[in-house]
Amino acid sequence: MQDNIFLVGLMGAGKTTVGRLLAKHLGYDFYDSDHEIEHRTGVRIPLIFEMEGEEGFRKREAMIIDELTQLGPIVLATGGGAILQQENRDHLRERGTVIYLAAKVHDLWQRTRHDRNRPLLQTENPRARLEQLHGQRDPLYREVAALVVETGGQPVTQLVHHIESLLNTRRTVQQHANP
Ligand SMILES: Nc1ncnc2c1ncn2[C@@H]1O[C@H](COP(=O)(O)OP(=O)(O)OP(=O)(O)O)[C@@H](O)[C@H]1O
Ligand SMILES: O=C(O)C1=C[C@@H](O)[C@@H](O)[C@H](O)C1
Ligand SMILES: [Mg+2]
């Protein structure tokens with residue numbers, strides 16, 4: 004299961020976009036915990052937040068992450084808040100290679116500002132909210148990640164090539180360490 008790739012990062016970091024393309028390149032199945040929750044409940048995430056609160060959503064998310072991280076090999080795009088729960092962080096770290104897609108708050112805001120499917124950003128000032136979430140979560144993303152990749156102005160295809168080369172280097176180093 005160590006071949007699994009798990010992407011973490013804030014809303015708009017590109018987990019879904021980068022994850023889908025990376026899976027295609029690697030020939031792995033692609034999963035997205037948010038999409039899986041929506042598929043199974045038959046409703047969009049904002050409605051789950053409305054009916055069950057964030058707490059209800061987090062319970063569903065933990066169950067899905069436990070299940071998906073036992074598959075393999077897969078690329079999994081996690082929800083932005085998945086790393087909040089210790090249980091999820093343990094499953095991610097123990098069952099695959101975790102990659103943190105890091106980004107500047109300004110870029111995250113630009114990438115998410117026209118989308119209404121992220122309940123935590125439906126506030127007066129989504130940019131300030133992203134700033135606050137970044138402050139709270141950046142240490143947790145870094146704690147769980149084996150690799151940190153800065154996503155800036157480069158096209159997604161370039162980012163995917165960069166991740167592939169980091170993964171190859173990591174594999175070679177691990178093979179030399181455990182021949
Ligand atoms: N590196 C990038 N450069 C430019 N645009 C990007 C990049 N990564 C993602 N985007 C764009 O930003 C938007 C959000 O990306 P995406 O949905 O993949 O983020 P996410 O990390 O999955 O967010 P969430 O946690 O809310 O699911 C999309 O429109 C996507 O095309
Ligand atoms: O950052 C978060 O807490 C979230 C991110 C999205 O991926 C969804 O999982 C949901 O909107 C919550
Ligand atoms: Mg996503």
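Residue numbers are given in our numbering: position 132 of the sequence shown equals residue 135, and the series is strictly consecutive. All C-beta atoms in this analysis are idealised placements derived from N, C-alpha and C, irrespective of residue type, glycine included. Source: prediction; values computed, not measured.
**Message:** Considering Cα atoms alone, identify which of Ala-180, Arg-174 and Gly-12 is closest to Ile-86.
**Reply:** Gly-12
**Request:** Please classify Gly-156: is it buried, with 16 or more other beta-carbons within 10 angstroms of its beta-carbon, or exposed?
**Result:** exposed
**Item:** Cβ-based burial, Val-101 [other Cβ within 10 Å; buried from 16]
**Value:** buried
**Asked** In chain order, what are the residues with a CB under 6 Å from some non-hydrogen atom of ligand 2?
**Response** Met-14, Asp-37, Ile-48, Gly-82, Gly-83, Gly-84, Arg-121, Pro-122 and Leu-123
**Asked** Hey, is Val-163 close to ligand 1, as in C-beta under 6 Å from one of its heavy atoms?
**Response** no
**Request:** Could you round the C-beta distance between Asn-3 and Gly-82 to whole angstroms and report it? I think they count as a contact, below 8 Å.
**Result:** This structure gives no information on residue 3, because the portion of the chain shown stretches from 4 to 182.
**Request:** Find out if the Cβ-Cβ distance for the pair Arg-92, Val-151 is shorter than 7 Å.
**Result:** no
**Message:** Going by DSSP, what residue range makes up the alpha helix (DSSP H) through Val-21?
**Reply:** 18 to 29
**Asked** Run through DSSP, which three-state label would Ala-106 get?
**Response** coil
**Request:** State yes or no: is the C-beta of Thr-44 nearer than 6 Å to some heavy atom of ligand 3?
**Result:** no
**Request:** Report yes if the C-beta of Thr-175 is less than 6 Å from at least one heavy atom of ligand 3; otherwise report no.
**Result:** no
**Message:** Just checking Gly-17 against ligand 1 - is the residue's beta carbon closer than 6 Å to any of the ligand's heavy atoms?
**Reply:** yes
**Message:** Just to confirm my understanding: we take Met-4, look at its own chain, exclude 5 residues before and 5 after, and list those with CB closer than 7 Å. What are they?
**Reply:** Low confidence applies to Met-4: its pLDDT is 46, below 50, so where it sits in the model is not reliable, and the reading given next is rough at best. Same-chain partners within the cutoff: Gly-75, Arg-98 and Gly-99.
**Prompt:** Looking at Arg-114 and ligand 1, is the gap between the Cβ and the nearest heavy atom below 6 Å?
**Reply:** yes
**Message:** Could you tell me the alpha carbon to alpha carbon distance between Glu-167 and Glu-39, rounded to whole angstroms?
**Reply:** 25 Å
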